[in-house]
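Q: Taken in order, these protein sequences are the chains called A and B.
Count the first sequence with my numbering and you get residues 33 to 319, in order.
Count the second sequence with my numbering and you get residues 58 to 306, in order.
Each residue gets a CB set at the ideal place from its N, CA and C atoms; glycine is no exception.
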Amino acid sequence: MEEIIQTEKLTKTYDGISAIQDLALNVHAGEIFGFLGPNGAGKTTTIRVLTTLTKPTSGRALVNGFDVVKESDKVKKVIGVVQQHLSLDRDLTVRENMEFRARLRRIGSSERKRRIDELLDYVGLTEHTNRIVDKLSGGMKKRVSIVSSLMHRPQVLFLDEPTVGLDAQTRRRLWELIRRLNLDGTTIFLTTHYIEEAEALCQRVGILHQGCLIALGAPLELRQKLGLVTVETLVNNKETCYQYFADRAAATSYVQNLPPEVKTIIIRDSNLEDVFVEQTGQKVGGD
Amino acid sequence: MVSALSDIYSVLWVDLRFLRRHWLRTLATSIVSPILYLVAFGFGLGRGISFGGYGYLDFVIPGIIALTAMTGSYNGAGMKLHVDRLFYKCFDEYLLSPISMFSLAVGKTLIGVVRGLLASVALLAVSVALSPTLIVSPLFVLVLVASCFVFSFLGVLVGLWAKSHQDMGTFSTLVILPMTFLSGTFFSLSQLPDAVKAVLYVLPLTHSSESLRAAALGQPFPWLSFLALLGFGLVFFSGCLLALKRTSV
């Protein structure tokens, strides 16, 4: 399988503190890859390094075979980036923002117009083309941000926490857009701290904790390693314990043999948060 | 070369769109202070005072135009850049594009030059009506444009350097404000002791207002001051390139 992103011992330190450490990662061409971890785990730093915005302290990163430090100009041509914050000029219209990105990418006048119309239609924003960005809803702004980053038809799209702060309905519409972009041939590298987002969208995930990659694989594969079924128990009304089992039959058998002081039993499918908690002893949402 | 010019225009384009939408507000806010200075110092305080055979109004107008060029260019280049970097956070878009640091620095400078010239020309139109002795020669225009470039470079440099809104405020209070009043804009430096004069010649506005005044009043032109002004421009522009290099790989 062709690797579109590869990192070797990638490290970035700020004032002696490691934001990411010895990161060894590979992303396959054409997949949706999710980088999962709590706030401060190093997700944004990784994206900044891979998108040439931040220089790594040591190690190497290749995007489409180009070194992010030595061949940053070539990397910039094949990537699109949607930052966590809305990197739009909020005083300009939707069209002006897109035109600005196209001009920076040296796209000619007629091609520019054609692509703007095509992309606005793609995300259903044609009727909002002349609205000032500041007047749009959060979901619309995010969609403008995404399509603006597609003006030069990148092979890899980096999305840093794409749905943070959005309501459930808007989040699902964005998921649809991300899936559609992927089906149309764009490799997606996204960071998130929402478990359900990683599980719903990503073919493979990397779990990051304090700058280190602690797990890498397909969501189902990672859950299988842990056990597909989780049993939560409350012992003496104090501490919640988690046990993992390969299937429901094994979980049920375990529950039937529990002593009477163990209460509030929940049997449920395990998820990536369980994987994270087992590896780190912390919750993904916690700082 | 063509590609660099096209890149520079692309950087300038986005700021020109903003200016086109807010030109009246931009112009009004740029010329309120200079007109207040003109009324307070030129008509109020300076009435009856003369400098080297010129009325105070004739003397002070070139200084106020230099001051307008400074504030218009510095704020025009620096404030928007600063807002784009720290508030809108859209400055990374430039760094993610294939355009060179040189084109980016020049493009960001040009919007300051445009805004500085817009304010200066508006004030000049008022000034010519008030002071018919004012000579708007090619040399005057050259100094005015050079001043706009120099202070626009300074605006870009500070806009790139500032890590917070407070940093911008601090620079304005500690550098721009003293320069406004001490750089020979409102009085002649010849009246000052040599030691004070030496300190004031470290400020670029001193050279800008001296050169502009000489050109406007038909006095012998201080070429050394003009060269010093260009030197400041070179230093500020080099600083911009260094600051941009620091913000990217």
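With 9 Å as the C-beta to C-beta threshold (strictly closer), list the residues of the segment 73-94 of chain B near chain A in chain order.
A: Answer in chain order: Arg74, Phe75, Arg78 and His79.
Q: Three-state secondary structure (DSSP) at Ile297 (chain A)?
A: Correct three-state label for Ile297 (chain A): strand.
Q: Does the beta carbon of Arg92 (chain A) sit closer than 7 Å to a beta carbon anywhere in chain B?
A: Not an interface residue.
Q: For Cys273 (chain A), count neighbouring C-beta atoms within 10 Å of its own C-beta (all shown protein chains included) and say buried if the count is 16 or more, exposed if not.
A: Counting Cβ neighbours within 10 Å, Cys273 (chain A) comes out exposed, since fewer than 16 surround it.
Q: Can you tell which of A:Thr78, A:Arg137 and A:Leu290 has its C-alpha closest to the C-alpha of Ala56 (chain A)?
A: For the residues A:Thr78, A:Arg137 and A:Leu290, the minimum Cα distance to Ala56 (chain A) belongs to A:Thr78.
Q: In the structure shown, what three-state DSSP assignment does Cys205 (chain B) receive?
A: Helix.
Q: Compare the C-beta of Lys137 (chain B) with all C-beta atoms of chain A and state if any pair is closer than 7 Å.
A: With 7 Å as the cut-off, Lys137 (chain B) does not count as an interface residue toward chain A.
Q: Strictly under 7 Å for the Cβ-Cβ distance: is Phe221 (chain A) near chain B by that measure?
A: Chain B, which has no Cβ nearer than 7 Å to the Cβ of Phe221 (chain A), makes this no.
Q: Roughly how many angstroms lie between the CA atoms of Gly212 (chain B) and Ser240 (chain B), to the nearest whole one?
A: Rounded to whole angstroms, Gly212 (chain B) to Ser240 (chain B) spans 18 Å at the Cα level.
Q: Does DSSP put Ala85 (chain B) in a helix, in a strand, or in coil?
A: Ala85 (chain B): helix per DSSP, three-state reduction.
Q: Going along chain B, which residues have a C-beta under 7 Å from His117 (chain A)?
A: Simply Lys146.
Q: For Val81 (chain A), which of A:Asn96, A:Asn303 and A:Leu42 has the nearest alpha-carbon?
A: Among A:Asn96, A:Asn303 and A:Leu42, the Cα nearest to that of Val81 (chain A) belongs to A:Leu42.
Q: Taking the alpha helix (DSSP H) that Gln53 (chain A) belongs to, which residues open and close that run?
A: Unbroken run through Gln53 (chain A) is the beta strand (DSSP E), Ile49 to His60; no alpha helix (DSSP H).
Q: Residues of chain B with CB under 7 Å from Glu128 (chain A), in chain order?
A: What Glu128 (chain A) touches in chain B: Arg74.
Q: Our contact map puts Gly129 (chain B) next to Arg82 (chain B) with C-beta atoms below 8 Å; I'd like the distance itself, whole angstroms only.
A: With a Cβ gap of about 13 Å, Gly129 (chain B) and Arg82 (chain B) do not count as contacting.
Q: Which residues of chain A have a Cβ atom closer than 7 Å to the Cβ of Ile156 (chain B), listed in chain order?
A: Near Ile156 (chain B) (Cβ distances below 7 Å), the residues of chain A are Leu136.
Q: Identify every run of the beta strand (DSSP E) within the segment 66-136 of chain A, keeping only runs that are complete inside it and at least 3 residues long; order them along the chain.
A: Runs of the beta strand (DSSP E) inside the segment 66-136 of chain A: 90-95 and 111-114.
Q: Taking DSSP as the reference, what is the three-state secondary structure of Lys137 (chain B)?
A: Correct three-state label for Lys137 (chain B): helix.
Q: Just to check my reading of the structure: Gln116 (chain A) and Val196 (chain A) have Cβ atoms closer than 8 Å, yes? What is that Cβ distance to the nearest angstrom?
A: Between Val196 (chain A) and Gln116 (chain A) the Cβ distance is about 6 Å, and since that is below 8 Å, they are a contact.
Q: Below 8 Å between beta carbons is the criterion; list the residues of the segment 73-98 of chain A that meet it against any residue of chain B, in chain order.
A: Answer set for the segment 73-98 of chain A: Thr83, Thr84, Leu85, Thr86 and Lys87.
Q: Whole angstroms are fine: how far does the CA of Leu168 (chain A) sit from the CA of Val140 (chain B)?
A: Roughly 20 Å between the two C-alpha positions.
Q: Between the alpha carbons of Ser181 (chain A) and Leu298 (chain B), how many angstroms are there, rounded?
A: Their Cα atoms are separated by approximately 26 Å.
Q: Enumerate in chain order the residues of its own chain whose CB-to-CB distance from Pro119 (chain B) is below 6 Å, with the five nearest sequence positions on each side excluded.
A: Cβ neighbours of Pro119 (chain B) beyond the five flanking positions: Leu269, Arg270 and Ala273.
Q: Is Arg280 (chain A) closer than 7 Å to Val294 (chain A) when the C-beta atoms are compared?
A: Not closer than 7 Å, so no.
Q: Could you name each continuous alpha helix (DSSP H) segment of 4 residues or more that falls completely within the segment 158-243 of chain A, going from the start of the chain to the end?
A: The qualifying runs are 170-180, 200-215 and 227-233.
Q: Looking only at its own chain, which residues have a Cβ that is under 6 Å from the Cβ of Gly294 (chain B), when we skip the five neighbours before and after it?
A: The residue asked about is misnamed: residue 294 (chain B) is Phe in this sequence, not Gly. Contacts found: Phe210.
Q: Which residues in the same chain as Tyr151 (chain B) place their Cβ atom closer than 8 Å to its Cβ, once the five residues preceding and following it in sequence are excluded?
A: Result list for Tyr151 (chain B): Val68 and Leu161, in chain order.
Q: Taking the C-alpha atoms as reference points, what is the distance between Glu231 (chain A) and Asn303 (chain A)?
A: Those two C-alpha atoms are separated by around 8 Å.
Q: What three-state label does DSSP hand Phe243 (chain B) in the structure shown?
A: Reduced to three states, the DSSP call for Phe243 (chain B) is coil.
Q: Can Ile299 (chain A) and Val263 (chain A) be called in contact, C-beta distance under 7 Å?
A: Contact: yes.
Q: Do three or more CB pairs link the segment 218-236 of chain B to the segment 193-207 of chain B at distances below 8 Å?
A: In short, these stretches do not touch, since the Cβ pair count stays below three.
Q: I'd like the span of the alpha helix (DSSP H) that includes Ile168 (chain B), first residue to last.
A: First-last of the alpha helix (DSSP H) with Ile168 (chain B): Met158 to Leu187.
Q: Taking DSSP as the reference, what is the three-state secondary structure of Ile121 (chain B)?
A: DSSP places Ile121 (chain B) in helix when its eight states are reduced to three.
Q: Could you check what DSSP says for Gln275 (chain A) in three-state terms: helix, strand or coil?
A: Correct three-state label for Gln275 (chain A): strand.
Q: Got a sec: is the Cβ-Cβ distance from Leu191 (chain B) to anything in chain A below 7 Å?
A: For Leu191 (chain B), the answer is no, since every Cβ of chain A falls outside 7 Å of its Cβ.
Q: Using 8 Å as the cut-off, can you tell me whether the segment 58-65 of chain A makes contact with the segment 217-226 of chain A, which would need three or more C-beta pairs spanning the two stretches below that distance?
A: Result yes; three or more Cβ-Cβ pairs closer than 8 Å.
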